[in-house]
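Mapped onto my numbering, the consecutive letters of the sequence shown carry residue numbers 4 to 138.
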Amino acid sequence: DGIRSLPERLFERYCESNKNVDWVYKNGDTGQEYFSVVYVDSIQKQWLFYPDYIVKLKNGDVWIIETKGGEKKYGQSKNIDRQTENKFEAFKQYANNKNINWGFVRDKNEQLKINNTNYTENMNDENWKPISNAF
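If you want it as structure tokens, here you go:
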């Protein structure tokens, strides 16, 4: 529908201005024709999760990226997805099994940070690195 969240817009601008990025694909939110990963909620029900972007770098590396709401101010999350941690863990397991590059990207003060190690809402945590560390 053309409406993008702030983290999505920031990520797209980052990719457009990054000389290392060859192309970016915006994944769909539902349907068999789009890439998805299965995750399990707290009552063990399976759901499909559709990561936001597939990015190919000029060096041939491919990254799969999910954007989430970042942090308003210290300790105040803008992330509204209650399943983020479940999605993160499922995505981490999938990526490790398939040996692919991946990450969750969030914004803080309009700066993007990426995490693909251990999820925490606190973006001051050492697991949240500047996205430039990845690509």
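Virtual Cβ for every residue (Gly too), placed ideally from N, Cα, C.
- Flag this pair as touching only if the region 131-138 and the region 112-123 have three or more C-beta atom pairs under 8 Å; answer yes or no. yes
- With 16 other CB atoms within 10 Å as the buried threshold, where does Ile-68 fall? Numbered from its first residue, the sequence shown carries residue 68 at position 65. Buried, since its Cβ has 16 or more Cβ neighbours within 10 Å.
- Does the distance from the CB of Gly-73 to the CB of Arg-109 come in under 8 Å? The residue you call residue 73 lines up with position 70 of the sequence shown. The residue you call residue 109 lines up with position 106 of the sequence shown. A contact, by the Cβ cut-off of 8 Å.
- Message: For Arg-7, report the span of its alpha helix (DSSP H) as first-last.
- Response: The residue labelled residue 7 in the question sits at position 4 within the sequence shown. No alpha helix (DSSP H) contains Arg-7, which DSSP labels as neither H nor E.
- Item | Beta carbon of Val-65 nearer than 8 Å to that of Asn-104 | Here residue 65 is taken as the residue at index 62 of the sequence shown, counted from 1. Here residue 104 is taken as the residue at index 101 of the sequence shown, counted from 1. Contact: yes.
- Task: Report the option in Lys-101, Leu-13 and Asn-62 whose CA atom is closest to the CA atom of Asp-55.
- Result: Translated into positions along the sequence shown, residue 55 becomes position 52. Among Lys-101, Leu-13 and Asn-62, the Cα nearest to that of Asp-55 belongs to Leu-13.
- Message: Quick check on the burial criterion: 16 or more other C-beta atoms within 10 angstroms. Buried or exposed for Gly-106?
- Response: The count along the sequence shown starts at 1 and reaches residue 106 at position 103. Classification for Gly-106: buried.
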